[in-house]
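K.L.:
Residue numbers (this note's numbering): 23 to 270.
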């Protein structure tokens, strides 16, 4: 491959995340620290997943089983991060640029999801990206006319954005517990995370023609639903306040 492929895949995979970071998060030191904190939580989750994978020798080649406990651990640490931030919320509000802003909680969830997504993207794709500058090319098994580098870049970009929406929905769900709405929102985060993760298996499937296309479509549908839920939650909390303010 060539440098054209390297930079093309790099900006495809990391472009949205880099834009969010440099245009928004990097301007606030508090948000950068929050991003690093959430990234650390994701790393602990994936470290424990690696330990289980190493210890469970018979299941090492069973990708479905690996995905099962990896997703569960990530969601457990998502909940643990929420509990930590919820306890520290008053302090975070005080040191924020706008201590009285009603949007702070949503911003914290957004940045925490960004930390999850960024770390996930770096860990899962960086080794594949490096291979784009080496001689030769690896084709996607389910889509022989597309390179694995290109397909993986698309999946990485979409998954990182999924983590942002999942975090915002999850934070809202945990605040609404033990109501039915809270359980439904939490269930959506878990089920959609499983859906995205298992859809990735279609990329390596030689029996499913155009499996990579189906995987991308599944991710886009799930991302669209998650974004809709995020927008509805934001309207629910802040729409009435904006309307009342304009009426004044």
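Just so it is clear, CB atoms sit at the ideal spot from N, CA and C, and this is done for glycine as well. Small disclaimer: the values here were computed from a predicted structure and weren't measured.
#1: For residue 84, which of helix, strand or coil comes out of DSSP?
#2: Pick out the complete alpha helix (DSSP H) segments inside the stretch 226-266, 4 residues or longer, and give them in chain order.
#3: In chain order, what residues of the same chain lie with their CB nearer than 7 Å to the CB of residue 264, ignoring the 5 residues before and after it?
#4: Does the stretch 188-197 come close enough to the stretch 222-237 to have 3 or more Cβ pairs within less than 8 Å?
#5: Mapping the DSSP letters down to three states, classify residue 38 as helix, strand or coil.
#6: Below 8 Å CB to CB, which residues in the same chain sit around residue 234 once its five sequence neighbours on both sides are set aside?
#7: Nearer than 7 Å: is that true of the beta carbon of residue 146 relative to any heavy atom of the ligand ZN?
#8: What did DSSP end up calling residue 168 once you bin it into helix, strand or coil?
#9: On the premise that residue 92 lies in contact with residue 71, defined as a C-beta separation below 8 Å, what is that separation, rounded to the nearest angstrom?
#10: Roughly how far, in whole angstroms, is the beta-carbon of residue 211 from the beta-carbon of residue 195, given that I think they are within contact range, below 8 Å?
#11: Beta carbon of residue 209, beta carbon of residue 221: below 8 Å?
#12: Classify residue 104 as buried or exposed, calling it buried when 16 or more other Cβ atoms lie within 10 Å of its own Cβ.
#13: Determine the direct distance from the alpha carbon of residue 74 to that of residue 85, and round the result to whole angstroms.
#14: Within the continuous alpha helix (DSSP H) that includes residue 52, where are the two ends?
#15: What distance in whole Å lies between the Cβ atoms of residue 218 and residue 244, which are believed to be in contact at a cut-off of 8 Å?
#16: Could you check where the alpha helix (DSSP H) with residue 217 kicks off and where it finishes?
#17: Below 8 Å on the Cβ atoms is my guess for residue 155 versus residue 28; work out the distance and round it to an integer in Å.
#18: Under a Cβ-count criterion, where at least 16 other Cβ atoms within 10 Å of its own Cβ denotes burial, should residue 178 be classed as buried or exposed?
#19: Alpha carbon to alpha carbon, how far is residue 183 from residue 37? Give it in angstroms, no decimals.
#20: State yes or no: is the C-beta of residue 143 within less than 8 Å of the C-beta of residue 35?
#21: Could you pull out every residue in the same chain whose Cβ sits closer than 8 Å to the Cβ of residue 249, ignoring the five residues on either side in sequence?
#22: Using the DSSP secondary-structure output, state which residues sit across from residue 161 in a beta bridge.
#23: Rounded to the nearest angstrom, what separates residue 98 and residue 135 at their Cα positions?
P.N.:
Let me lay it out:
#1: coil
#2: Fully enclosed alpha helix (DSSP H) runs of 4 or longer: 233-256.
#3: Annotation note: pLDDT 48 at residue 264 (below 50); position unreliable, no value reported.
#4: no
#5: If DSSP states are grouped into helix, strand and coil, residue 38 belongs with the helices.
#6: 162, 164, 165, 168, 173, 224, 225
#7: This structure simply doesn't include the ligand ZN, nor any ligand for that matter.
#8: strand
#9: 4 Å
#10: 7 Å
#11: no
#12: Taking a 10 Å sphere around the C-beta of residue 104, we find 16 or more other C-beta atoms and assign the residue as buried.
#13: 13 Å
#14: 51-77
#15: 6 Å
#16: Counted as a single uninterrupted DSSP element, the alpha helix (DSSP H) harbouring residue 217 occupies residues 202-221.
#17: 5 Å
#18: buried
#19: 11 Å
#20: yes
#21: 187
#22: Residue pairing for residue 161: DSSP places it in a beta bridge opposite 169.
#23: 14 Å
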